[in-house]
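J.:
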Amino acid sequence: MRFAITMLSVVAIASIIGTVVKQSEPYNNYLIQFGQFWFPIFEVFDVYNIYQAFWFLIILLFLVVSTSLCVSRNSPKIIKDIRRFQGNLSHNSFKKFKNYYEFSSDHSLNSISAILNKEGFRIKAGMDKDTLVAKKGDLQKLGYIFTHLAIIVISIGGILDGNLYFKLQESFGFKKIESRNLKFSEVPDESQLDSNNFSYRATLLLNEQEKNDKALLRVKDGYLVQHLPFEIKLDKFHIEHYSTGQPKAFLSDIKIRKDGQEFTETISVNKPFTMDGITIYQSDFQDGGSKLDLTLMDLFNRYQPMSLSSEVYKQNSFNTDQQDYVFEFDDFREFNIFQIEKDGKLKTQNIGPSVVYKFRNSSGQAVEYQTYQNPIPENEKFFFMSGVRKDLQTELKFLRIPADNDLSLQGYQTFLKNIRSEELLLKNINKLADQASSLNSVEAKDSFKKNTQDIFNVYLKSGYSGLARMIEDSVAVENQESVADSYIKIIYFLAESMNQELITNNLVENNFFQDALNAYSDSFFYGASPFLILNEYEKIYASGMQLTKDPGKIWVYLGSLFLVIGIFCMIYVQEVRLWLIKKSPRKFAVAMASNREHVDFNNYCKQLTEKLRVNKKK
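Throughout the sequence shown, residue numbering follows this note's numbering, covering 15 to 632 in sequence.
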């Protein structure tokens, strides 16, 4: 018995681990989560698929056998004890009970029997006509049977869902886990399971208008192909939203075809569909290869914008500046929910689509980006934003390009073209020199023009950080701050002067130029010169479904019901036995006993004796 209790405790601990640790994930996920040290240790104990671990199933099998033997051995004794009234006790025997009372009453034995009946007692005559034996709370003993049956039934359910048959096939080499990245049609027979497989939890990812009759069953560090008894086609995946833009429901419209018949269903997160014992759940969704119409804008205006058509999960190569580059499109998100400050309050708002991609240079180094299609409000201004990171473990850092008055990039593109025009630069430097009253000689003006052009060219080549380095190298420490302020004012004046057409045409406001200069300077930290602009798109979803065949579920539910009944009986039902003898016409003696004697029971005995003692009304 102690060993069985120990095994039951092990199962309980394993179940807790299986609840905390997400099961049947790709092994790389666990390696990242637990690290190089703990990952192999947990792998030895099958923590990542604990409910189908061989040792776990063996323990369940042991509990079924052990507990069944225990129930079969003790149940007849318990049932016999329930039926038995123990009416053969003598007065001298129950006189020694703790709760023994003598009282006077003019009640007859029949009247006392009626009172006890109202109190829920079952009554039987004693050895002679002057004695009664009564008892109640027999269900308390059934608690033992129900709790032990619960262990048996739940363990059977666990064994059924644990697919012990497949474990034996794997142990004897009839089935092998596949780890290569193969198409379903290329997976060998020894790594495929037929549609009659007893239990499984497989996944199926379908693009819209795609169909399949096979699913992926993750096992350890590989997978198996699970054949289905029907074919599933995804007609349409759609998302319903609240007015704030937050998603409300994820729904998949599917068609199931079997034996020439077709069934149409809509499944959602809380509305699965069951057919042939297989339950289809809406588990997740992702992009299914959305089509993208893009424009590449060089952040330093070294080449004209280029058109690009692509798809998610597709690579696009292009060549510029005698270098080969590759765009790898990883994801497209049609909805992005942000907390936007408006009128001094944060409000939830959908800011529209974004595309996630990697930019890989000729040496193979990649940087990840997330670029938003629409300008995003920030401090009563609008910015086109693109996040960048070189490491997936770090946060995105954003490049903010100011939008013009039409909420487009046209203003910034014109700004880029103008500030990199040498002709416009020289023209506006001459204008600035002419306005400087302190420049009284030709030599002074020429020196001023050359220095101003050098300052602006440093900014064009390396942004504000380049200016900072130039100042640190050539200016005394005590003068660096004032010189930096002068340089920034010069750059702002020239940029504004070179872009007067933007103000004249009412494309931008005056505060646009400082944001544009900041964006240009930040471009040097962006990691790549092409800036991706999303023009149009055709969204294509892929729906992730989980297909579960779990014949043990009903057994686990039934066992849980038995467990609740058993615990209720043992905790909340109290067994009480009562013996009463009529010693004389008006004098009685009563004794009571319980399986759990405590203060409340002692009070109950006194109250019941008082009810028996009270004389009948005359």
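Idealized CB from N, CA, C, for every residue including glycine.
Going by CA-CA distance only, name the one from 621, 149, 569 and 596 that's closest to residue 122.
T.: If we check each option's Cα against that of residue 122, 596 comes out closest.
J.: Enumerate in chain order the residues of its own chain whose CB-to-CB distance from residue 632 is below 6 Å, with the five nearest sequence positions on each side excluded.
T.: The predicted position of residue 632 is uncertain, since its pLDDT is 41 and thus under 50; a value taken from the coordinates is nonetheless stated next. So the list is empty, once near-sequence residues are dropped.
J.: So, does the stretch 579 to 598 touch the stretch 174 to 182, judging by three or more C-beta pairs under 8 Å?
T.: The stretch 579 to 598 vs the stretch 174 to 182: no contact.
J.: Going by alpha carbons, who is nearest to residue 254 out of 248, 247 and 262?
T.: When only C-alpha atoms are compared, the closest one is 262.
J.: Provide the residue(s) that pair with residue 401 in DSSP beta bridges, ordered along the chain.
T.: Bridge partners of residue 401: 384 and 412.
J.: Under 8 Å between the Cβ atoms of residue 369 and residue 343?
T.: Yes, these two residues count as a Cβ contact at 8 Å.
J.: Going by other Cβ atoms of all chains shown within 10 Å of its Cβ, with 16 needed for buried, is residue 546 buried or exposed?
T.: Counting Cβ neighbours within 10 Å, residue 546 comes out buried, since at least 16 surround it.
J.: Tell me, please, whether the stretch 581 to 593 touches the stretch 76 to 94 by the rule of three or more beta-carbon pairs shorter than 8 Å.
T.: Too few Cβ pairs lie closer than 8 Å, so no.
J.: When the Cα of residue 448 is compared with those of 518, 350 and 460, which residue comes out closest?
T.: Closest option to residue 448, Cα to Cα, is 460.
J.: Inspect the CB distances between the stretch 400 to 410 and the stretch 520 to 528 and report whether three or more fall short of 8 Å.
T.: Because the criterion of three Cβ pairs below 8 Å is not met, the stretch 400 to 410 and the stretch 520 to 528 do not touch.
J.: Can residue 560 and residue 213 be called in contact, C-beta distance under 8 Å?
T.: Not in contact: residue 560 and residue 213 (Cβ atoms no closer than 8 Å).
J.: Going by beta carbon distance, what residues of the same chain come within less than 6 Å of residue 292, once the five residues before and after it are set aside?
T.: Taken in chain order, the residues that qualify are 561 and 563.
J.: Span of the beta strand (DSSP E) holding residue 126?
T.: Note, residue 126: premise wrong, no beta strand (DSSP E); alpha helix (DSSP H) at 123 to 132.
J.: For residue 362, write down the residues that DSSP places opposite it in a beta bridge.
T.: Answer is 353.
J.: Please name the residue in 363, 130, 114 and 445 whose C-alpha comes closest to that of residue 256.
T.: Ranking 363, 130, 114 and 445 by Cα distance to residue 256 puts 363 first.
J.: Can you tell me where the beta strand (DSSP E) holding residue 219 begins and where it ends?
T.: Per DSSP, residue 219 belongs to the beta strand (DSSP E) from 214 to 221.
J.: Tell me whether residue 47 sits in a helix, a strand or coil according to DSSP, three-state version.
T.: Note: residue 47 maps to helix in three-state DSSP.
J.: Between which two residues does the beta strand (DSSP E) harbouring residue 236 extend?
T.: Residue 236 -> beta strand (DSSP E) spans 236 to 255.
J.: Using C-beta distances below 8 Å, list every residue in its chain close to residue 418, excluding the 5 sequence neighbours before and after it, in chain order.
T.: Contacts found: 424, 425, 426, 516, 521, 522 and 526.
J.: Closer than 7 Å to a non-hydrogen atom of the ligand FAD - does that hold for the CB of residue 89?
T.: No copy of the ligand FAD appears in this structure; indeed no ligand is present at all.
J.: Express the C-alpha separation of residue 554 and residue 278 in angstroms, rounding to a whole number.
T.: C-alpha separation (whole angstroms): 20 Å.
J.: Can you have a look at residue 612 and say buried or exposed, based on whether 16 or more other CB atoms are within 10 angstroms of its CB?
T.: Exposed, since its Cβ has fewer than 16 Cβ neighbours within 10 Å.
J.: Mark residue 246 as exposed unless 16 or more other C-beta atoms lie within 10 angstroms of its C-beta, in which case mark it buried.
T.: Burial call: buried.
J.: Given this structure, state the Cα-to-Cα distance separating residue 373 from residue 381, to the nearest angstrom.
T.: Cα to Cα, the separation comes out at about 5 Å.
J.: Count the CB pairs spanning the stretch 564 to 573 and the stretch 207 to 227 that are closer than 8 Å, and state whether there are at least three.
T.: The stretch 564 to 573 is in contact with the stretch 207 to 227.
J.: Have a look at the DSSP bridge pairing and note the partners of residue 115.
T.: Paired residue(s): 604.
J.: Do residue 209 and residue 230 have their C-beta atoms within less than 8 Å of each other?
T.: The answer is no: Cβ separation not under 8 Å.
J.: How is residue 183 classed by DSSP in three states: helix, strand or coil?
T.: Residue 183 falls in the helix class under three-state DSSP.
J.: Taking 7 Å as the limit between beta carbons, can you name the residues of its chain near residue 573, skipping five residues before and five after?
T.: Excluding positions up to five away in sequence, the list reads 164, 167, 168 and 171.
J.: Which whole-angstrom value is the C-beta distance of residue 513 and residue 309, which I expect to be below 8 Å?
T.: Between residue 309 and residue 513 the Cβ distance is about 21 Å, and since that is not below 8 Å, they are no contact.
J.: In whole angstroms, what is the alpha-carbon distance linking residue 488 and residue 329?
T.: Those two C-alpha atoms are separated by around 46 Å.
J.: In chain order, what residues of the same chain lie with their CB nearer than 7 Å to the CB of residue 473, ignoring the 5 residues before and after it?
T.: Only 480, 481 and 505 meet the Cβ criterion.
J.: Can you give me the Cβ contacts of residue 333 inside the same chain, cut-off strictly under 8 Å, excluding the 5 residues immediately before and after it?
T.: The answer, listed in chain order, is 339.
J.: Going straight from the alpha carbon of residue 67 to that of residue 75, what length do you get?
T.: Rounded to whole angstroms, residue 67 to residue 75 spans 13 Å at the Cα level.
J.: What residues in its chain sit with their C-beta under 6 Å from that of residue 537, if we drop five residues either side in the sequence?
T.: The residues are 313.
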